[in-house]
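In the working numbering, the protein residues as written are 454 to 887.
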């Protein structure tokens, strides 16, 4: 049985110094909010969307006296390294996050700048975004983030050719998914690619099955502090379905040695070695970057299957409402930062995001979809989100950041059979909710 070490917490001072040195390789490496070099440093999660972020930085720099520098941290390391530098002189001026629980500790530590003043001077910083999305970065009644990518529902992606060869259609129900798993196994294909080495992709199966089985109310109660929700009959039913899927061999045997963040699971689907992968909508952009011919010809997608007899609405979605730019209170250039943030609702931003398969949450996005580089995919996402009766935020973003390590540990251990149902329930009940 595979065993993976628990995710580390904050590292010691020596490691902090090492990180500061490593960040000198990002951007121009001349410091952040606390060590003024006459620039604003914008720190982002390193992935395929960075080309749009660099484009927007370049546009800003054409007219601004204070220049912006885009610094990136590879996605697998982003959360840990952000936690390490956020209260040091190497902190950026502006940084990527998921809103909600991901920034609440920084607000409580008085590290972030409330954006009320920016919005008072430019009301469009709020008005140009869908309210439900903008409000995901409101903490204690104050706005601390501006949407900066696109809404990110989690979708069930597939290799069209692999499914066709196995006589499989994108499943609309859970039973159809189980049937597809058996047919793909018969073809010698891993039915579902999973970057289990990253853990958070595994979490996606939990959040969707809980939503389909119990509806959004169960998780809302749990994250609100009602620990009994995890021990409910619906919770146990969802866990039983996860066990059944794993036990059928749906994910193969080596999923814990595969990662999404290094392109491993992405490659499995593109090469035809796997049929499906459950992933956020950014997956299209990643496949387009890594395997362009496959993405344009054979990459398919569908909504997560319905669970027959479940309390959840099949039209509900789970994932991330968006990513956000938040601003450090110590920035030496708040006026320049405010001007930079205005570009997040510009026509250029919307068009560039749509062209890589991201769906911005500005109020005018709809009018650009048909003329984008990915009209069919963007329209699918837009309609899916627009029609969704609920949008469940990813568990590790809804819970406080300090809960993530123990949550991921419980998810991985249950998936691997190292925790039974009661053990998983107990671990989730122990998570902090404030």
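Here a beta-carbon is modelled for each residue, glycine too, at the ideal position from N, C-alpha and C.
This one's a predicted model, so the numbers in the text were calculated from it and none came from an experiment.
| query | result |
| --- | --- |
| Buried versus exposed call for residue 579 [16 or more other C-beta atoms within 10 Å across all chains shown] | buried |
| Residue 656, DSSP secondary structure in three states | helix |
| CA nearest to the CA of residue 792, picked from 881, 576, 656, 773 | 576 |
| Cβ contact (3+ pairs, closer than 8 Å) linking the region 682–692 and the region 867–880 | yes |
| Contact set for residue 695: own chain, Cβ-Cβ below 8 Å, skip 5 residues either direction | 658, 659, 662, 867, 868 |
| Assigned secondary structure, residue 543 (DSSP; H/G/I helix, E/B strand, else coil) | coil |
| Stretch pair the region 737–756 + the region 598–618: three plus CB contacts closer than 8 Å | yes |
| Between the CA atoms of residue 840 and residue 466 - distance to the nearest angstrom | A caution first: residue 466 carries a pLDDT of 34, below 50, which makes its placement in the model unreliable, though a value can still be read off. Whole-angstrom Cα-Cα distance: 48 Å. |
| Length of the line joining the Cα atoms of residue 816 and residue 641 | 46 Å |
| Span of the alpha helix (DSSP H) around residue 723 | 717–723 |
| Beta carbon of residue 799 nearer than 8 Å to that of residue 605 | no |
| Segment contact, 8 Å Cβ cut-off, at least three pairs: the region 762–780 with the region 832–852 | yes |
| Residue range of the unbroken beta strand (DSSP E) whose run includes residue 525 | 520–527 |
| Nearest-angstrom Cα separation, counted from residue 582 out to residue 490 | 32 Å |
| Residue 794 versus residue 808 - alpha carbon distance | 20 Å |
| Same chain, Cβ closer than 8 Å to residue 887, neighbours up to 5 away in sequence not counted | 678, 853 |
| Contacting residues, own chain, Cβ-Cβ under 8 Å from residue 711 (five flanking each side not counted) | 646, 647, 648, 649, 650, 717, 718, 721 |
| Which listed residue (614, 596, 599) has its alpha carbon closest to that of residue 727 | 614 |
| Residue 758 vs residue 624 beta-carbon contact at 8 Å | yes |
| Residues that DSSP places opposite residue 599 in a beta bridge | 778 |
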